[in-house]
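Reviewing the structure listed below.
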Amino acid sequence: VPEVTQGVPLSSGMVLLTWQKIAPTALLYQISPSLNMKILMTLAIMSTILGGWGGLNQTQLRKILAYSSIAHMGWMTIIILINPTMTILNLTIYIIATLTLFLSLNFASITKIKSISNLWNKSTSLTIIILLTLLSLGGLPPLTGFLPKWLILQELVINNNIIMATIMALSALLNLFFYMRIIYATTLTTFPTSNNSKLQWPYPQIKTINIIPPLAIISSLLLPLSPMFIT
1 VPEVTQGVPL
11 SSGMVLLTWQ
21 KIAPTALLYQ
31 ISPSLNMKIL
41 MTLAIMSTIL
51 GGWGGLNQTQ
61 LRKILAYSSI
71 AHMGWMTIII
81 LINPTMTILN
91 LTIYIIATLT
101 LFLSLNFASI
111 TKIKSISNLW
121 NKSTSLTIII
131 LLTLLSLGGL
141 PPLTGFLPKW
151 LILQELVINN
161 NIIMATIMAL
171 SALLNLFFYM
181 RIIYATTLTT
191 FPTSNNSKLQ
201 WPYPQIKTIN
211 IIPPLAIISS
221 LLLPLSPMFI
231 T
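Written out as structure tokens, the structure is:
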């Protein structure tokens with residue numbers, strides 16, 4: 001999946017990492033009662049570790065998002081036997097956050113990490129949306145992406161799967177690390193340049209940009225509504 005995602009356009013990558021996840025998740029939801037719980041949890045842990053470890057040495061943005069998708073699939077898998085509703089919640093939040101990110105990247109024609117730092121001059125708000133969505137996908141509190149991980153870890157602990165919860169929490173730090181590295185490379189390592197030209201003209205207002213703000217709010221600021229999901 002990472003190599004395929006890297007080789008396709010952003011619009012196709014968005015479909016690959018969002019819409020294409022619905023069918024396997026639905027299939028897993030249907031057959032999960034007949035699966036062995038230990039095998040399923042082992043596969044889930046391998047998926048989260050592989051997704052986190054594989055994204056550490058990547059410099060291509062789409063490959064990082066593909067490895068993050070693998071890690072998120074592990075989170076959906078490990079909880080599907082204990083609480084299938086959490087799987088649906090995790091999938092929904094992941095799809096919304098990924099749609100927000102890919103629409104923003106596609107709108108700004110960004111395919112490389114270093115291109116995000118050049119976006120400040122064109123659209124500061126779009127840059128902030130991209131960075132917040134990346135952190136939300138990494139599961140950084142208090143953003144929305146932290147909500148499903150928090151609830152899943154809580155369910156694992158309640159069901160006395162403390163070792164599994166510990167491994168999942170540690171593997172989540174791998175995802176958060178390479179997303180934090182993107183933020184660091186974007187905001188703190190851009191060297192000053194002497195450019196006498198004026199600021200670049202902002203992006204025109206088109207329908208796509210009107211979709212991004214509400215999606216960004218949902219993918220970043222949904223955590224205050226967490227009591228609704230807990231109860």
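Residue 84 in full-length UniProt numbering sits at position 84 of the sequence shown; the count goes up by one each step and never skips. Ideal Cβ placement from N, Cα and C applies to all residues, glycine included. No experiment lies behind these values; they were computed from the predicted model shown.
| Among Leu10, Ile110, Gln58 and Lys21, nearest to Leu95 - alpha-carbon criterion | Taking the first residue of the sequence shown as 1, we reach residue 95 at position 95. At residue 95 the sequence reads Ile, which differs from the Leu that was named. The shortest Cα separation from Ile95 among Leu10, Ile110, Gln58 and Lys21 belongs to Lys21.
| said: Quick check on Lys114: does DSSP put it in helix, strand or coil? | reply: As a working note, residue 114 is residue 114 in the sequence shown. Looking at Lys114 - three-state DSSP - the assignment turns out to be helix.
| task | State buried or exposed for Asn90, treating a residue as buried only when at least 16 other CB atoms are found within 10 Å of its CB. | result | As a working mapping, residue 90 is identified with position 90 in the sequence shown. Classification of Asn90: buried, given that the 10 Å Cβ count is 16 or more.
| query | Under a Cβ-count criterion, where at least 16 other Cβ atoms within 10 Å of its own Cβ denotes burial, should Met37 be classed as buried or exposed? | reply | Start at 1 with the first residue of the sequence shown, and residue 37 comes out as number 37. It is exposed - the Cβ of Met37 has fewer than 16 other Cβ atoms within 10 Å.
| message | DSSP three-state label for Gln60, please. | response | As a working mapping, residue 60 is identified with position 60 in the sequence shown. Strand at Gln60.
| message | Any contact between the stretch 110-126 and the stretch 28-45? By contact I mean 3 or more CB pairs, one from each, below 8 Å. | response | No, the stretch 110-126 does not touch the stretch 28-45.
| query | Buried or exposed: which applies to Asn161, given that a residue is buried once 16 or more other Cβ atoms fall within 10 Å of its Cβ? | reply | Indexing the sequence shown from 1 puts residue 161 at position 161. Asn161 comes out buried.
| query | To the nearest whole angstrom, what separates the beta carbons of Ile93 and Leu134, a pair I think is in contact under 8 Å? | reply | Numbered from its first residue, the sequence shown carries residue 93 at position 93. Numbered from its first residue, the sequence shown carries residue 134 at position 134. No, Ile93 and Leu134 are not in contact; Cβ-Cβ is about 14 Å, not under 8 Å.
| Pro142 - DSSP class collapsed to helix/strand/coil | Residue numbering aside, residue 142 sits at position 142 when the sequence shown is read from its first letter. Three-state result, Pro142: coil.
| query | Can the beta-carbon of Ile64 be found less than 8 Å from the beta-carbon of Ser104? | reply | Taking the first residue of the sequence shown as 1, we reach residue 64 at position 64. Taking the first residue of the sequence shown as 1, we reach residue 104 at position 104. Contact flag unset, no.
| Supposed close pair Ser117, Thr186 - CB separation, criterion 8 Å | Position 117 of the sequence shown, counting from 1, holds the residue named residue 117. Position 186 of the sequence shown, counting from 1, holds the residue named residue 186. With a Cβ gap of about 5 Å, Ser117 and Thr186 count as contacting.
| Span of the alpha helix (DSSP H), counted from its first residue to its last, around Ser136 | Walking along the sequence shown from the start, residue 136 turns up at place 136. For Ser136, the enclosing alpha helix (DSSP H) starts and ends at Thr124 to Leu137.
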